Structures are given as structure tokens and as C-alpha cells.
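Participant: Got a structure for you, written out below as C-alpha cells; questions coming shortly.
2 protein chains.
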Amino acid sequence: MVKQIAYLGPAGTYTEAASLLYDHEAELMPFPSIAAVVAAVDSKAAIEGVVPIENSLEGSVTDTLDLLIHDSNLSIRHEMVIPIEHCLLVKPGRLARDVASIYSHPQALGQCRRYIERTFPGAQAVASLSTSAAVEDMLRSQSPAAAIATSRAADIYGAEIIDRGIQDNLANYTRFVVLAQHDHPHTGRDKTSLCFAFNDDSPGKLYSVMGHFATRNINLAKVESRPNKESLGRYIFLIDLDGHREDALVQEALNRVEAEVSMMKVFGSYPRYQDS
Amino acid sequence: MVKQIAYLGPAGTYTEAASLLYDHEAELMPFPSIAAVVAAVDSKAAIEGVVPIENSLEGSVTDTLDLLIHDSNLSIRHEMVIPIEHCLLVKPGRLARDVASIYSHPQALGQCRRYIERTFPGAQAVASLSTSAAVEDMLRSQSPAAAIATSRAADIYGAEIIDRGIQDNLANYTRFVVLAQHDHPHTGRDKTSLCFAFNDDSPGKLYSVMGHFATRNINLAKVESRPNKESLGRYIFLIDLDGHREDALVQEALNRVEAEVSMMKVFGSYPRYQDS
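One line per chain: the protein sequences are V and E, in this order. In this text, residue positions in the first sequence follow our numbering: the first is -19, and each later residue adds one. In this text, residue positions in the second sequence follow our numbering: the first is -19, and each later residue adds one.
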């Protein structure tokens, strides 16, 4: 039986590319939002779900973090990192000099701002709901337009690529995670993601929690804070650490942390991504 | 002479409301991007600039943090916190039941998602570049439409408010900062914002830095990380601490931190916001 994997669609987005990298034999099911992907895995309509979690320029994908923190009991089972290569797409046969407006998701427009200013100084930036929606908006447009999207979106929607790698900063990577009912067994090269919060914010508390990892030589790959959604200035902390939650030292540290915080949630342990 | 203050426009946005709260006698000059506000203050076209820095639901405004970290030597001189109250605007005389599409900035659409699903289940969400641009898009729309924006935008653009406070989570506040050539003198109830980074990421380094504050009983109001924009998994850390950079203990801690990091930048000390 073919495995069914939900992903943040539509087809042609970077999340689809990450899903194909993860399992190119699975049946990929596009969903219109990160919340809908999580709901599909929760309801067992899909075995696993693929969503973006972090970009090297923009930082965390807050919708994904907030769902993991507040609204879902799914685990992180895998991670993939893929380079973001924005392309400029037009209607087949159109010339580049005709472009009067450029459609894309606001984030992609922002990542190509200097390219647009340099190459199309007179063009107007127009917001779309995704890079794939931008291609559809561009194809429907009455005036000469272009879209910023993936190369695969050009194939899917029948558009023509007139430029590639147009992002201003070439160190543009996105990390995706696979969400499932259970996390991944121990492999020996693992990461663990978790969050925790405190009832009050006396100065030493976060420091004390970090000490439980530092004294056991457990590397923290990432420390981040998110608003707790109740009052400005109160935070939930997120940590990625090197190791599996079943490693003896990690387990020991997590037990000590749990005793000091008002809330702790381990999102799961999974193999650290390695470019093959 | 009237003081000139640049702000993230257009008129009718929440940033304009924060600027009026800060100084309602100043001449307010709208600019189309956070980078343009910073440039206006850098070039002395304006004395100060007002930009959003953090929202209680969405988290940090990454454009502002990235400009402070990488591209500007301006200081934070003040902060203001204002409640976000989204309103539903239509063309004068339109009925609510006619609404087929709803325009707004993607963030405002996300903050009112449940309200839209409940009240206008058949309506289509359409992205605009700001809440004020959404009102203009709505007024120009051929089909029956609404826009999510501020109540002031209704006055400015001649639209009619048919619902108020439509955000899903009522604990929705945004913190704004005033950027200037110099930060604020000591007041006795101050905050200091700074960032720092390490050349490598051995486990104990962030812990050691935080120790310099903890041992001096300096409260860290906020700890956050941003990608360093060079490689995924390498971060710049941002801290807000209670106290002024000229307080003896704070100065002592900052000197110790500076000796341990590869980069440190103090964004400034300024009075902690108090609702009057």
C-alpha cells in the first residue's frame, strides 16, 4: 500500500519539493494551510505531514511552532533542509522587458527585493497567497506580469522561466519537518526539540534550565522564544538539543528541567539532517 | 519648530496610532517600508522614526530586528505598546451579507481567521500589502468586498465600519520603538536591548553569557535568537534586560559579555513603557 503524506500545498511549492526529497514514492496530498496538514495527520487521513519550520533568512515559521506548542500532540519524526532557489516566471513567449507587475508571496518578494529594484525598477510588487498562487495570478493578469516561484511551478502551470536563483542572499535554506503520531527511534545522530514555560519570570530561571544541559555537555543547537499568547513580555522557550530523548544524559537533564518549569512538551527526537 | 517623525505608513496603520500616542504634536511623515524609515532618520530627514518590533501573537517583527542587527547604527530611544483592534470596513451603505471577498495584510487575515470562517463562511481572503492598502483595494473592487483595518483607516479613506474587535485572540498587543541618533538618558525604570553572537557554538557559551546577568540579579525580560543569515543553524542572540546601560552592575555585566562574544551591539537604553 502506498504511504499517504499530507503537505502544505499547492503543488509546485518548496514544501512539495521537500516532501519528494523525503519520500518520492508516497502519495502526496496537498493541503491549504499548516493547520490543515496537522488535522489530516491527527485524523489519520495521512500517515505523516510535511511543513516548513525555519528559514535561514526569515527565521522560524511561527505557524508551525505555535501549532506544535498549543494545538497538536503530533511528534517530529524527521527533518529535511533544502536550498530555496527563486525563479522568475512569465507567460510562454513573453519578453522580460514587458514586465509591469511581479506577483509572489510577500516573503518571496522581500527575498528578491534588490533583484527587482535592479532589474525591473518600474515594476509593481503584488502580494499573492503562495508562490504557486502567484503563478496563477500572473497567468490570469491582463497586463504584462511575472511571478516569483519554484522551477517546478513553471512545469505544473505551463509558465516559462526567464531567470533563476534571483534571491538577493544566496545562503537561503529552509528546514522542513515530518510530523507523525510517533517520533523516530534512536539512530546515534539525533536531535530533540522541546518547549517549556515558567509561571513567573524571575531572572535565574531560564539560566538554571540551561545549566542542566550545559553541565551534561549537551549542545543546544537552538534557543528561541515565542510569545505565550496571553500577555506581551511573557514567553515560551523552544530548544533543539543534540541527542535522543532516550539517551541517559538527555533523559536525566529533561527530568531536572521538568521539575523546574510550569509546562514542558517534548516535540520528539529524530535523525539530524545530513546532505547526502 | 515642529519635530519631524518618520513612521511606517501609510496613514491609518497601527504604526501611525503608536506615533500619535508618542507625540501628537509632531509632523508625522509616512514611509513605505521599515528600511525607508531607518534611512530617513539616518539622513536626518526626520529626527526620529517609529517602527513595530513585536506583537503578542506573531512574535518579533523580523525586518526591524534585522535592520537593528545588520544595517543601522540608530538607537532605540523609546517604546510604546498599543492594543490591536481590527475592524471590518465596507463601502458606505453596503450590507454585511453581500461580502464575497475580504482584503487585508496576510497577518491581519490570519489573526481574524476564525471570525471570517464563522461570520463569512463563503468569503474569499485576498492578500494586500498593508491594512490601509486593503481598504483601497476593497474600495476599488468590482465585486462586494470588505477590508480588515484600523478604525482610523475608515475615517481617512471614507469607508464604513460594520464590526469592531474582530481579532480571534483579544490579547493582541504590538510593541513599537522610536529610533533616533541617541538613546534615552537614565530614568530609573529603564530597559536595555542588545544583540551578540559567537564564532562557534560550543554548548556552554550562551549559558556563560547569561550567567553574567544572573549572578548580578539583572532580569532578562526577553531572550531570542535570529538566524545569522550566513548558514542555517547559526544564530545571533537578542536580549532585553531590566536596567540602563549606565547602571554600574549592567555596565559590569556588559563588559564581561563583550569579552566572550565575537560581536556585540547595544541597541540602546530607554524608559520601560507604562500604560498611563
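For glycine and all other residues, C-beta sits at the position ideal for the given N, C-alpha and C. Keep in mind that this is a model prediction, so the values were computed, not measured.
Which residues of chain V have a Cβ atom closer than 7 Å to the Cβ of E/Asn149, listed in chain order?
Facilitator: If you number the second sequence from 1, residue 149 of chain E lands on position 169. Here the neighbours are Lys209.
Participant: Buried or exposed: where does V/Val(-18) fall if 16 or more other Cβ atoms within 10 Å of its Cβ makes it buried?
Facilitator: In the first sequence, the residue the question calls residue -18 of chain V occupies position 2. Its Cβ having fewer than 16 others within 10 Å, V/Val(-18) is exposed.
Participant: With 7 Å as the limit, tell me which residues of the segment 66 to 82 of chain E have their beta carbon closer than that to any beta carbon of chain V; keep them in chain order.
Facilitator: So nothing in the stretch comes that close.
Participant: Check the DSSP bridge columns for V/Phe176 and list the partner residues they point to.
Facilitator: For the purposes of this step, residue 176 of chain V is taken as the residue at position 196 of the first sequence. V/Phe217 and V/Met244, per the DSSP bridge assignment.
Participant: Taking 8 Å as the cut-off, decide whether the C-beta atoms of E/Ala26 and E/Thr130 are in contact.
Facilitator: One-based indexing of the second sequence puts residue 26 of chain E at position 46. One-based indexing of the second sequence puts residue 130 of chain E at position 150. Contact: no.
Participant: Assuming E/Arg169 and E/Pro251 form a contact by the criterion Cβ under 8 Å, report the distance between their Cβ atoms to the nearest whole angstrom.
Facilitator: Within the second sequence, numbered from 1, the residue matching residue 169 of chain E stands at position 189. Within the second sequence, numbered from 1, the residue matching residue 251 of chain E stands at position 271. With 8 Å as the limit, E/Arg169 and E/Pro251 qualify as a contact, their Cβ atoms being about 6 Å apart.
Participant: Across which residues does DSSP place V/Glu7 in a beta bridge pair?
Facilitator: Against the first sequence, residue 7 of chain V aligns to sequence position 27. Answer by DSSP bridge pairing, in chain order: V/Gln(-16).
Participant: Drop a sphere of 10 angstroms on the beta-carbon of E/Met190, count the other beta-carbons inside from all chains shown, and report buried for 16 or more, exposed for fewer.
Facilitator: For the purposes of this step, residue 190 of chain E is taken as residue 210 along the second sequence, with counting starting at 1. When all chains shown are included, E/Met190 counts as buried.
Participant: Given this structure, state the Cα-to-Cα distance separating E/Arg120 from V/Ala20, to the nearest angstrom.
Facilitator: One-based indexing of the second sequence puts residue 120 of chain E at position 140. One-based indexing of the first sequence puts residue 20 of chain V at position 40. Roughly 38 Å between the two C-alpha positions.
Participant: For V/Gly191, return the contacting residues in chain E, with the cut-off set at a CB-CB distance below 7 Å.
Facilitator: Here residue 191 of chain V corresponds to residue number 211 of the first sequence, with the count starting at 1. By Cβ distance, chain E contributes Tyr187.
Participant: For the alpha helix (DSSP H) holding E/Ser(-1), just list the boundary residues, first then last.
Facilitator: For this step, residue -1 of chain E is matched to residue 19 along the second sequence. E/Ser(-1) -> alpha helix (DSSP H) spans Tyr(-6) to Tyr2.
Participant: Which bits of chain V does E/Val237 rub up against, with CB to CB less than 8 Å?
Facilitator: Indexing the second sequence from 1 puts residue 237 of chain E at position 257. None at all; the shortest Cβ gap to chain V is about 13 Å.
Participant: Less than 8 Å between the C-beta atoms of E/Ser249 and E/Lys171, yes or no?
Facilitator: What you label residue 249 of chain E is simply residue 269 of the second sequence in a count that begins at 1. What you label residue 171 of chain E is simply residue 191 of the second sequence in a count that begins at 1. The answer is yes: Cβ separation under 8 Å.
Participant: Take E/Ser205 and list the residues in its own chain whose beta-carbon comes closer than 6 Å to its own, dropping the five residues that flank it on each side.
Facilitator: The residue given as residue 205 of chain E occupies position 225 in the second sequence. So the qualifying residues of the chain are Tyr215 and Phe217.
Participant: Going by DSSP, what residues sit across from V/Asp170 in a beta bridge?
Facilitator: Counted from its first residue, the first sequence places residue 170 of chain V at position 190. DSSP lists V/Pro251 as partners of V/Asp170.
Participant: Between E/Asp46, E/Ser110, E/Ile33 and E/Ala105, which lies nearest to E/Pro10 when the distance is taken from Cα to Cα?
Facilitator: Numbered from 1 along the second sequence, position 30 holds the residue referred to as residue 10 of chain E. Cα-wise, what sits closest to E/Pro10 is E/Ser110.
Participant: Would you please verify whether the beta carbon of E/Thr42 is less than 8 Å from any beta carbon of chain V?
Facilitator: Locating residue 42 of chain E in the second sequence gives position 62, counting from the first residue. At least one chain V Cβ lies under 8 Å of E/Thr42.
Participant: Just the chain E side, please: which residues come within less than 9 Å of V/Lys257 by C-beta, in chain order?
Facilitator: The displayed coordinates of chain V run from -19 to 256. Any statement about residue 257 of chain V would go beyond what the structure contains.
Participant: Between V/Lys71, V/Ala113 and V/Val246, which has its C-alpha nearest V/His162's C-alpha?
Facilitator: As a working note, residue 162 of chain V is residue 182 in the first sequence. Considering only alpha carbons, the answer is V/Val246.
Participant: Output the distance between the C-alpha atoms of V/Asn235 and V/Gly223, rounded to the nearest integer angstrom.
Facilitator: Your numbering for residue 235 of chain V matches position 255 in the first sequence. Your numbering for residue 223 of chain V matches position 243 in the first sequence. Near 15 Å, if we compare the C-alpha coordinates of V/Gly223 and V/Asn235.
Participant: Which residues, taken in chain order from the segment 24 to 58 of chain E, show a beta carbon closer than 9 Å to some beta carbon of chain V?
Facilitator: For the segment 24 to 58 of chain E, which is checked against every Cβ of chain V, the residues closer than 9 Å are Glu34, Asn35, Ser36, Leu37, Glu38, Gly39, Ser40, Thr42, Asp43, Leu45 and Asp46.
Participant: With a threshold of 8 Å, are at least 3 pairs of Cβ atoms found where one atom belongs to the segment -15 to 4 of chain E and the other to the segment 56 to 68 of chain E?
Facilitator: Flag = yes, the segment -15 to 4 of chain E and the segment 56 to 68 of chain E touch.
Participant: Name the chain E residues whose beta carbon is nearer than 8 Å to that of V/Arg155?
Facilitator: Taking the first sequence and counting its residues from 1, one reaches residue 155 of chain V at position 175. The contacting residues are Leu212.
Participant: What in chain E is Cβ-close to V/Gly184, meaning under 7 Å?
Facilitator: Here residue 184 of chain V refers to the residue found at position 204 when the first sequence is read from its first residue. Ala194, listed in chain order.
Participant: Comparing alpha-carbon positions, which option in V/Leu48, V/Ser23 and V/Glu5 lies nearest V/Val157?
Facilitator: Taking the first residue of the first sequence as position 1, residue 157 of chain V is located at position 177. When each option's Cα is compared against that of V/Val157, the closest is V/Leu48.
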